[in-house]
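Chains as they are written, first to last, in the working numbering: chain A, 1 to 91; chain B, 101 to 191.
Here is the structure:
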């Protein structure tokens, strides 16, 4: 169980540029993450063709934080539900 | 309850640049989201001072997707727990 995690360098392509990511995650995971960013950038570019790449990348980050915050809220509600059902079960 | 949601234009500042976001979210929420992106960019810039702004913004998006994926996994586990406890309660 004491799995030795080794840092790896993984090169991914996002919006036509190469990025090297250093981390302990499996390459398939890092590639999935890169693919999501790439897709989001292309989606937003379609809706806003005038955006330069920097502004496009920043707005992509804004969109993802928005998704994150909504998921976090859902998560908090689920946590409450789990705790509620647990305390009901204790009666 | 049938609250009429109106699209608003909100201007935020991220990494020294102004962005206008159009949406139905309250201005405080949009400002919080922008602030998170701004902070993440500054954090990553500190660790990688050589990065240009486009690459910095893309890597910020990568980091946020990573956080999102981890939260999503947690969310799925919580959902399973809620469903499990529900089915146990039905017995």
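For each residue, glycine too, the CB sits at the ideal point set by N, CA and C.
Since the model is a prediction, treat every value here as computed from it, not as a measurement.
Task: Identity of the residues DSSP links to residue 111 of chain B by a beta bridge - done: B/120
TODO: Over the uninterrupted alpha helix (DSSP H) stretch that includes residue 25 of chain A, give me the two end residues.
DONE: First-last for residue 25 of chain A: undefined, no H or E at that position.
Task: Cβ neighbour criterion (16 or more within 10 Å) applied to residue 63 of chain A - done: buried
Task: Rounded straight-line distance, which links the Cα of residue 137 of chain B to that of residue 65 of chain A - done: 7 Å
Open item on the list: Against chain A, with Cβ distances strictly below 8 Å, would residue 111 of chain B count as a contact?
Closed with: no
Open item on the list: Distance check for residue 147 of chain B and residue 131 of chain B, CA to CA, integer angstroms please.
Closed with: 25 Å
- [ ] Note down, in chain order, all residues in the stretch 60-79 of chain A with a beta-carbon under 7 Å from any beta-carbon belonging to chain B.
- [x] 60, 61, 62, 64, 65, 66, 67, 68, 69, 71, 72, 74, 75, 78, 79
TODO: Return no unless some Cβ of chain A is closer than 8 Å to the Cβ of residue 131 of chain B.
DONE: no
- [ ] Might you give, ordered along the chain, the residues of its own chain that have their beta carbon closer than 8 Å to the beta carbon of residue 159 of chain B, omitting 5 neighbours on each side?
- [x] 144, 148, 151
Task: chain D within 8 Å of residue 85 of chain A, Cβ atoms only - done: Looking at the structure shown, chain D is missing, and the protein chains on hand are A and B.
- [ ] Pull up the distance between the alpha-carbon of residue 187 of chain B and that of residue 42 of chain A, whole angstroms please.
- [x] 42 Å
Task: Members of the stretch 144-156 of chain B near chain A, C-beta cut-off 9 Å - done: 152, 153, 154, 155, 156
TODO: Run down chain B in chain order and give the residues with a C-beta less than 8 Å from the C-beta of residue 5 of chain A.
DONE: Result: empty, since nearest Cβ-Cβ is about 15 Å, beyond 8 Å.
Task: Local conformation of residue 152 of chain B per DSSP, three classes - done: coil
- [ ] Could you pull out every residue in the same chain whose Cβ sits closer than 6 Å to the Cβ of residue 20 of chain A, ignoring the five residues on either side in sequence?
- [x] 9, 11
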